[in-house]
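The structure appears below as structure tokens.
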Amino acid sequence: MMNSVYTVNKGINKSIEFRGLRAQYIWYFAGGVMALLILFSLMYIIGINTYVSMIVILASGTYLVIKVYQLSDKYGEHGMMKAAARLRVPKSVKCRSRKVFMLIERS
Numbered sequence: 000m001m002n003s004v005y006t007v008n009k010g011i012n013k014s015i016e017f018r019g020l021r022a023q024y025i026w027y028f029a030g031g032v033m034a035l036l037i038l039f040s041l042m043y044i045i046g047i048n049t050y051v052s053m054i055v056i057l058a059s060g061t062y063l064v065i066k067v068y069q070l071s072d073k074y075g076e077h078g079m080m081k082a083a084a085r086l087r088v089p090k091s092v093k094c095r096s097r098k099v100f101m102l103i104e105r106s
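Letter 92 of the sequence shown, counting from 1, is numbered 91 in numbering that gives the first Met the number 0, and no numbers are missing.
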């Protein structure tokens with residue numbers, strides 16, 4: 000029987016990375032670029048001067064790139080989701096009545 004040689008893909012179960020952006024930040028960046036494209040087209044259709052539109056879009060694009068890279072560096076792959084989840088956890092649970100516990104069926 001012939002021996003088969005298979006190459007091992009060592010990138011399995013790793014998150015995608017593009018030029019330093021990891022995981023969901025690639026989608027945030029792409030969404031921001033699409034929003035800037037739509038904004039530029041709306042400004043062009045309205046009739047705003049092209050140079051003014053370019054300045055606004057370039058400034059906004061620069062801010063977008065800086066902010067997305069900052070978020071990626073600060074929170075990492077899953078950190079922003081963890082930070083958002085941490086804000087939703089209540090500080091304390093208050094129960095002013097025993098009625099909730101009386102309705103629990105004992106098994």
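Here a beta-carbon is modelled for each residue, glycine too, at the ideal position from N, C-alpha and C.
Have a look at S96 and S71 and give me their C-alpha separation to the nearest angstrom. 45 Å
Mapping DSSP to helix, strand and coil, what is R21? strand
Here's the rule I'm using: 16 or more other beta-carbon atoms within 10 Å means buried, otherwise exposed. How should F28 be labelled? buried
Boundaries (first-last residue) of the alpha helix (DSSP H) holding M1: Here M1 belongs to no alpha helix (DSSP H), and DSSP marks it neither H nor E.
DSSP puts E16 in a beta bridge; with which residues? R21
Which runs of the alpha helix (DSSP H), 4 residues or longer, sit entirely within the stretch 59 to 99? 78 to 87
If I measure Cβ to Cβ from K93 and keep anything under 6 Å in the same chain, skipping five residues before and after, which residues do I get? none
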